[in-house]
Amino acid sequence: MSEQPVRASEPEGYDFQAIQDRWLPVWEELKPFEVGAEPSGRPRKYVLDMFPYPSGDLHMGHAEAFCFGDVLARYWRGRGYDVLHPIGWDSFGLPAENAAIKRGVDPREWTYANIAQQKASFRVYAPSFDWSRVLHTSDPEYYRWNQWLFLKLYEKGLAYRKASWVNWDPVDQTVLANEQVLPDGTSERSGAMVVKKKLTQWYFRITDYADRLLDDLDALEGKWPAKVLNMQRNWIGRSRGAEVEFEIEGREARVPVFTTRPDTLHGATFMVVAPDSDLAAELAAGASPEVRAQFQAYLEQTQKQSEIERQNADREKTGVFLDHFAVNPVNGERIPVWASDYVLADYGHGAIMAVPAHDQRDLDFALRFELPVRVVVEVRDADGEALPHPGESGVATAGDGVLVNSGELDGLSKAEAIPRAIEILEERGTGRAATTYRLRDWLISRQRYWGTPIPILHGPDGAMQAVSEDALPVELPASEGLDLKPKGSSPLGAATEWATVVDPATGEEWTRDPDTMDTFVDSSWYYLRFLSATDDTQAFDPELAKQWGPIDQYAGGVEHAILHLLYSRFITKVLHDLGYLDFEEPFTALLNQGMVLQDGAKMSKSKGNLVEFASELRAHGADALRVTLAFAGPPEDDIDWADVSVQGSAKFLARAWRVAGDVASEPGVSFAGGDAGLRKHTHQLLADVPGLIEAYKFNVVVARLMDQVNVTRKAIDAGCGAADPAVRESAETIAMILSLFAPYTAEDMWAKLGHEPTVALAVWPEADPSLLVEDEVTMVVQVDGKVRDRLTLPASVSAEDAEAAARASAAVQRSIGEREIVNVVVRVPKIVSIVTR
1 MSEQPVRASE
11 PEGYDFQAIQ
21 DRWLPVWEEL
31 KPFEVGAEPS
41 GRPRKYVLDM
51 FPYPSGDLHM
61 GHAEAFCFGD
71 VLARYWRGRG
81 YDVLHPIGWD
91 SFGLPAENAA
101 IKRGVDPREW
111 TYANIAQQKA
121 SFRVYAPSFD
131 WSRVLHTSDP
141 EYYRWNQWLF
151 LKLYEKGLAY
161 RKASWVNWDP
171 VDQTVLANEQ
181 VLPDGTSERS
191 GAMVVKKKLT
201 QWYFRITDYA
211 DRLLDDLDAL
221 EGKWPAKVLN
231 MQRNWIGRSR
241 GAEVEFEIEG
251 REARVPVFTT
261 RPDTLHGATF
271 MVVAPDSDLA
281 AELAAGASPE
291 VRAQFQAYLE
301 QTQKQSEIER
311 QNADREKTGV
321 FLDHFAVNPV
331 NGERIPVWAS
341 DYVLADYGHG
351 AIMAVPAHDQ
361 RDLDFALRFE
371 LPVRVVVEVR
381 DADGEALPHP
391 GESGVATAGD
401 GVLVNSGELD
411 GLSKAEAIPR
421 AIEILEERGT
431 GRAATTYRLR
441 DWLISRQRYW
451 GTPIPILHGP
461 DGAMQAVSED
471 ALPVELPASE
481 GLDLKPKGSS
491 PLGAATEWAT
501 VVDPATGEEW
511 TRDPDTMDTF
521 VDSSWYYLRF
531 LSATDDTQAF
541 DPELAKQWGP
551 IDQYAGGVEH
561 AILHLLYSRF
571 ITKVLHDLGY
581 LDFEEPFTAL
591 LNQGMVLQDG
601 AKMSKSKGNL
611 VEFASELRAH
621 GADALRVTLA
631 FAGPPEDDID
641 WADVSVQGSA
651 KFLARAWRVA
661 GDVASEPGVS
671 FAGGDAGLRK
681 HTHQLLADVP
691 GLIEAYKFNV
701 VVARLMDQVN
711 VTRKAIDAGC
721 GAADPAVRES
731 AETIAMILSL
741 FAPYTAEDMW
751 AKLGHEPTVA
761 LAVWPEADPS
771 LLVEDEVTMV
781 VQVDGKVRDR
791 LTLPASVSAE
801 DAEAAARASA
811 AVQRSIGERE
821 IVNVVVRVPK
831 IVSIVTR
C-alpha cells in the first residue's frame, strides 16, 4: 500500500473532495472487494445489482439503484461474510444500434465509449464492486456462451423456429416479445403502436415451464415484493377448464376450443375465431367470393390494431360471418361461425364458443348481429329474484347459479356442473379437462445487427444445422459497409461473405441465420458468468455455482418484473434440468427501488427537469448523494429530488467526521468502564441495525446514525469527555455503520481513529446483551385522561410501587385537588391512569 498523507497535510475542516482524492488511490491499490479463487472459510453472500445499459453517463436512477445494492453488499461484509458483488454492462441492443445509426458510427464505438464513461463515474461513486470480474455482453468472449446456451436449448427441443403472427415495431423494424409490448399497445423501445405481422422466427419454449414458473413463486413470498409476484402470476395466467372439440361442416378435423365454463356449453349459440388465425383463413377460402372479399378487408383492418385495442371491452363489436356452421357437441345444434377481432389468434387455438347470456363480450356481439341468447345459468339477486334476461337487459349474468336448459346438468350448481360436464365430454370423446396459460413462448429473433448471432445454418433444401460448439463464437462481422438502418430484415443478411458457409465435405453452400438474439437472453444468465468471468473453457463452473448460488440479494428496477426476471427464472430452471445447477430459482431476495423524480415528474431533457448525476457528484461528493438517497424514504418509494437536502446530508457527515477527530483515547483501549449511558446507546444501535438493514429500512438506519452522532457529541462536550473509552467505541461504531452509506467519510474516520484501511472489511462487534437491559423506565401519569407527569422509575418497578409514586407526585396532587380518586389503572412500564370525581 502506498504511504498515506501525514495528518499535518489534512485540511482542518471537512472537505469531501480532499477525502475522495485521498482514498480512491488507496482502495484501487488494495482492491479490498476482490473475491479470491480459494475459499476463506467464511460464510458467503452473493449480492448483485441489475447491470446497467451503456446509454451515456450514469444518471440519478443509477445513483439510487447502486446505492441500495451497495448498502446491502457492505452490510454483509460487516457481518463477517465473503461477499461477491460484481459489475458488468448489458451492452448489446437497439439503443446502441439506433444511436450509432444517428451518429454515423460503429455501434461498438458508441457502446464502449459509454462504458468507459460510466466506469469512470462508478469509480468516483465508489460502489464496492469486484472489478476483476467485469463483463460486457457484446464481447465475443461473453456472447460465445449465449450461443452455447442456445444450442443446449435447441438440443433439448426448447429452441424452435416457426411462422406465426408476431408483434412488429414499425419504427425499429423488428419483432418484439409479448412482454415488450406496453399495456397501451406501444413498443417499450420506440413508443410506436405495435402491429401484427406474419414471420418465421425463433422461439424458446418457455410455456413448457409455465406450471413450475407459477408454482415456484410461492417459495418467494416475503422475499420478493408482492407486486412483482402478482405481476408474474397474472402474466403466466393459468386457467383450468376443458378443451371441447367442435365439428365444422365440410371440414374433416375438429376444432378444439378452450373454455373455463364447460357447464355452459348448452348456451353456446355461435362460434368466433380470430381473423388472423389459420382457421379463419381456411374457412374464408372455402366461402363465397363476397365473403372472401369481406374477410380480407376485415383482416387488413384487424392487423392495424394492437392487442390492447382489440381487447377493449367498450369497443363496438365487429365481425364477418364466414359462411360456415359448427356443431355444438352436447346438443347437436348448428351454430354459425364468425370472425371477430375480440378473439386473439394466440389464445388457446384462436377460437371460442360464444355463450352470450353469460359473457358480456359475447352478448354485445350477439346483440350487434341479432344472434340467439340462451340462458343456461339462472342467477338470482340478493332478494332471491331471477335476474332479467340478458337479451332484454343487455347485461350478461356472469355470477354463480343453478343450471337450466342444459339437459342432464339441470339443477346442478356451477361447482357440481363443471366436473360433470367434463365427464360427459370425455364419455362422448368430444373433450377433456385442460389447462391453458396467458404466457406465450419467448420470441427471441431480432432483425437487427447489434446482438448475438443465432448459431444455426440453413441449407439449400431448407434443412437446418446447428453450428458445432467448437466453432463458437459465431462473431458479428464488422459493420463497415452494412446498412444498419431499420428495414424489416436483418443487416446481417447483406454480409454475404460472413453469411455464406461452404460444407467442405459436399461443397454445398449454407447460409448463416441472419437474425440476432433478443438481449434478454444475454441478461437471463449473466449472474452465472460472473462466477467464471475469465474462464474460456465453459460458460460457468457448476461447482462455483453450487458454492455461490443462488443470488442472495438482487436489486434493481420494478420495470423488469416480468421480462428479465421471468426469463432468468426460466433459463435457470433449464440449466438445472440439464444438470448444471443445483437450484431452480436464481434470486432468493429481491429489492426494487422507486424512481428519482424532479418536481413530481420523471426526469427528462425534453421536460427541462433533468438533474445530472455528474454535476451533483461534483457539487456535493459521492457520500452526500448516497446518504441523501438512503435517507429520503423507503427504497421502493419514489424520491423527488426537489424535496431532499443534499446540503443537510453534508452537514451530518461533517459532524460525524469531527467526532472521530475528537477521540482522545488510543486504539485497542478497553471499552468496559466507559460512560454507561453512551455505551448503552451504542449497543442498542448495534443490536437494531441488522434487522433494519435486512428489512431495507435504510432511512431509519441513517436517522439512528444521526442520533448517535448527536449523543456522542453531547457526551464529548458536556459529559464523559473525549478520552472516555465509550466515546471511541461510539465513534468506531459510527464509522463502521456509516461505511454502508458514506464510504469515503467512514474511511477517513477510521484512519483518524488509528486503524488501517479499510473500514469496509471491519467485522462489526456484537451487541452486549448486558448493555441492552433497561435499568429505568419512564411511566406516564394521566389524571382524567390528561398527562400530568412523567416518572423515571426502576425497570423492575411493581404496579403497587408505580401507583404509589404517581399518587406522591406533586404535579398529580395539584391536578387532583379536592376531588376523590375513584379508579387507578396501572400498566407497567407504560402508564398510570387516575380517574377522579
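In terms of full-length UniProt numbering, the sequence shown opens at residue 1 and continues consecutively.
Note that CB positions come from ideal geometry on N, CA and C, so glycine has one too.
For this session: Per DSSP, which residues does Trp442 bridge with? Please list them.
Result: Here residue 442 refers to the residue found at position 442 when the sequence shown is read from its first residue. DSSP lists Phe204 as partners of Trp442.
Problem set entry | Close-in-space but distant-in-sequence residues of the same chain around residue 882 (CB under 8 Å, 5 per side omitted) | There is no way to answer for residue 882, as the model of the chain reaches only from 1 to 837.
For this session: Would you kindly work out how many angstroms separate the C-alpha atoms of Gly157 and Arg254, rounded to a whole number?
Result: Here residue 157 corresponds to residue number 157 of the sequence shown, with the count starting at 1. Here residue 254 corresponds to residue number 254 of the sequence shown, with the count starting at 1. Cα to Cα, the separation comes out at about 27 Å.
Exercise. CB-CB under 7 Å to Asp410, same chain, minus the five flanking residues each way: which ones, in chain order?
Worked result: The sequence position of residue 410 within the sequence shown is 410, counting from 1. Cβ within range, chain order: Leu403 and Val404.
Problem set entry | Local Cβ density within 10 Å of Val574, reported as buried at 16 or more and exposed below that | As a first step, residue 574 must be located in the sequence shown, where it is residue number 574. In the assembly as shown, Val574 is a buried residue. Its beta-carbon has 16 or more other beta-carbons within 10 Å.
Exercise. Which same chain residues, not among the five before or five after Leu199, have their C-beta less than 6 Å away from its C-beta?
Worked result: Position 199 of the sequence shown, counted from the start, is the residue given in the question as residue 199. If we look at Leu199 and ignore the five residues flanking it on each side, its Cβ neighbours are Val166.
Exercise. For Ile206, is the classification buried or exposed, using 16 other Cβ atoms within 10 angstroms of its Cβ as the cut-off for buried?
Worked result: The count along the sequence shown starts at 1 and reaches residue 206 at position 206. The residue in question, Ile206, is buried, as its Cβ has 16 or more Cβ neighbours within 10 Å.
Exercise. What is the DSSP secondary structure of Ser121, counted as helix, strand or coil?
Worked result: Translated into positions along the sequence shown, residue 121 becomes position 121. Looking at Ser121 - three-state DSSP - the assignment turns out to be helix.
Problem set entry | Buried versus exposed, by CB contacts within 10 Å (16 or more), Val689 | Here residue 689 refers to the residue found at position 689 when the sequence shown is read from its first residue. Counting other Cβ atoms within 10 Å of its Cβ, Val689 reaches 16 or more and is therefore classed as buried.
Problem set entry | Own chain residues within Cβ distance below 7 Å of Ile642, not counting five before or after | Counting from one through the sequence shown, the residue named residue 642 turns up at place 642. Here residue 642 is Ala; the residue named in the question, Ile, does not match the sequence. Excluding sequence neighbours, Ala642 sits near Gln598 and Asp599.
Exercise. Which of helix, strand or coil does DSSP assign to Phe583?
Worked result: Along the sequence shown, one-based indexing puts residue 583 at 583. Note: Phe583 maps to coil in three-state DSSP.
For this session: Provide the residue span of the alpha helix (DSSP H) that contains Lys546, from first to last.
Result: The residue labelled residue 546 in the question sits at position 546 within the sequence shown. From DSSP, the alpha helix (DSSP H) with Lys546 extends over Pro542 to Trp548.
Problem set entry | Uninterrupted beta strand (DSSP E) stretches inside the stretch 256-283 (no shorter than 3 residues) | Fully enclosed beta strand (DSSP E) runs of 3 or longer: 270-273.
Problem set entry | 4-residue-minimum alpha helix (DSSP H) runs that sit fully inside the stretch 450-500, ordered along the chain | Under the rule that a run must span 4 or more residues, the alpha helix (DSSP H) segments found entirely inside the stretch 450-500 read 496-499.
For this session: Output the boundary residues of the alpha helix (DSSP H) element that contains Phe150.
Result: Within the sequence shown, residue 150 is the residue found at index 150, counting from 1. Per DSSP, Phe150 belongs to the alpha helix (DSSP H) from Pro140 to Glu155.
For this session: Using the Cα positions of Phe150 and Glu282, report the straight-line distance between them to the nearest angstrom.
Result: Taking the first residue of the sequence shown as position 1, residue 150 is located at position 150. Taking the first residue of the sequence shown as position 1, residue 282 is located at position 282. So the two alpha carbons sit approximately 34 Å from each other.
Problem set entry | Pair within 8 Å by beta-carbon distance, Asp623 and Trp23 | If you number the sequence shown from 1, residue 623 lands on position 623. If you number the sequence shown from 1, residue 23 lands on position 23. For Asp623 and Trp23, no; Cβs fall outside 8 Å.
Exercise. Nearest-angstrom Cα distance between Asn699 and Glu475?
Worked result: On the sequence shown, residue 699 is found 699 positions in, with the first residue counted as 1. On the sequence shown, residue 475 is found 475 positions in, with the first residue counted as 1. Distance between the alpha carbons of Asn699 and Glu475 is about 47 Å.
Problem set entry | As assigned by DSSP and simplified to three states, the class of Asn328 | Indexing the sequence shown from 1 puts residue 328 at position 328. Look at Asn328 here: in three-state DSSP terms it is coil, with no helix or strand label.
Exercise. Among residues of its own chain, excluding the 5 on either side of Glu10, which ones have a beta-carbon nearer than 7 Å to its beta-carbon?
Worked result: Residue mapping note: residue 10 aligns to position 10 of the sequence shown, counting from 1. Any reading at Glu10 must be qualified, since the residue scores a pLDDT of 42, below 50, and its modelled position is unreliable; the value itself is stated next. Nothing meets the Cβ criterion.
For this session: Could you pull the start and end residues of the alpha helix (DSSP H) that Val373 belongs to?
Result: Reading the sequence shown from its first residue, position 373 is the one you call residue 373. Run containing Val373: none; DSSP gives neither H nor E here.
Exercise. To the nearest whole angstrom, what separates the beta carbons of Thr500 and Glu509, a pair I think is in contact under 8 Å?
Worked result: As a first step, residue 500 is located in the sequence shown; it is residue number 500 there, counting from the start. As a first step, residue 509 is located in the sequence shown; it is residue number 509 there, counting from the start. Yes, Thr500 and Glu509 are in contact; Cβ-Cβ is about 6 Å, under 8 Å.
Exercise. Mind checking Leu772: buried by the 16 CB within 10 Å criterion, or exposed?
Worked result: Stepping through the sequence shown from its first residue, residue 772 is reached at position 772. With a threshold of 16 other beta carbon atoms within 10 Å, Leu772 falls short and is exposed.
Exercise. Tell me which same chain residues have a C-beta within less than 8 Å of the C-beta of Gln311, skipping the five on either side of it?
Worked result: Position 311 of the sequence shown, counted from the first residue, corresponds to residue 311. Taking C-beta separations shorter than 8 Å and ignoring five residues to either side along the sequence, the partners of Gln311 in its chain run Tyr342 and Leu344, following chain order.
Problem set entry | Given Lys45 as reference, the closest of Arg77, Ala471 and Gly36 once Cα atoms are compared | To locate residue 45, count along the sequence shown from 1; it is residue 45. For the residues Arg77, Ala471 and Gly36, the minimum Cα distance to Lys45 belongs to Arg77.
For this session: Starting from Pro794, follow its DSSP beta bridges and name the residues at the other end.
Result: As a first step, residue 794 must be located in the sequence shown, where it is residue number 794. DSSP lists Glu776 as partners of Pro794.
For this session: Within its chain, find whatever has a CB closer than 6 Å to the CB of Tyr14; leave out the 5 residues flanking it on each side and keep chain order.
Result: Translated into the one-based positions of the sequence shown, residue 14 becomes position 14. Once the five neighbours on either side are set aside, the close Cβ partners of Tyr14 are Ala654 and Trp657.
For this session: With DSSP as the reference, please indicate the residues paired to Leu199 in a beta bridge.
Result: Position 199 of the sequence shown, counted from the start, is the residue given in the question as residue 199. Answer by DSSP bridge pairing, in chain order: Ser164.
For this session: Count the other C-beta atoms from every protein chain shown that fall within 10 angstroms of the C-beta of Ser2, then say buried if there are 16 or more, exposed otherwise.
Result: Here residue 2 is taken as the residue at index 2 of the sequence shown, counted from 1. Any reading at Ser2 must be qualified, since the residue scores a pLDDT of 39, below 50, and its modelled position is unreliable; the value itself is stated next. An exposed status is given to Ser2, since fewer than 16 other beta-carbon atoms sit within 10 Å of its beta-carbon.
Exercise. Under three-state DSSP, which class holds Pro5?
Worked result: Taking the first residue of the sequence shown as 1, we reach residue 5 at position 5. Residue confidence for Pro5 is low, a pLDDT of 35 falling below 50, so the modelled location carries little weight and cannot support an answer.
Exercise. By DSSP, does Ser833 sit in helix, in strand, or in coil?
Worked result: Against the sequence shown, residue 833 aligns to sequence position 833. In the three-state scheme derived from DSSP, where H, G and I count as helix and E and B as strand, Ser833 is classed as strand.
Problem set entry | Given 8 Å, three or more beta-carbon pairs between the stretch 231-242 and the stretch 433-441 | With a cut-off of 8 Å, the stretch 433-441 and the stretch 231-242 count as touching, because enough Cβ pairs lie within range.
For this session: Please determine, among Ile816, Glu309, Glu616 and Ile737, the residue with the shortest C-alpha to C-alpha distance to Leu182.
Result: Locating residue 182 in the sequence shown gives position 182, where the first residue counts as 1. Leu182 has its Cα closest to that of Glu309, out of Ile816, Glu309, Glu616 and Ile737.
Exercise. So, Ala274 versus Gly350, is the Cβ gap smaller than 8 Å?
Worked result: Sequence index remark: in the sequence shown, residue 274 carries index 274 (1-based). Sequence index remark: in the sequence shown, residue 350 carries index 350 (1-based). For Ala274 and Gly350, yes; Cβs fall inside 8 Å.
Problem set entry | Cα-Cα separation between Lys487 and Asn98, rounded to whole angstroms | As a first step, residue 487 must be located in the sequence shown, where it is residue number 487. As a first step, residue 98 must be located in the sequence shown, where it is residue number 98. Inter-residue distance for Lys487 and Asn98 is about 13 Å (C-alpha atoms, whole angstroms).
For this session: Just the C-alpha distance for Ala735 and Gly594, rounded to the nearest angstrom, thanks.
Result: Numbered from its first residue, the sequence shown carries residue 735 at position 735. Numbered from its first residue, the sequence shown carries residue 594 at position 594. Each residue's alpha carbon lies about 28 Å from the other.
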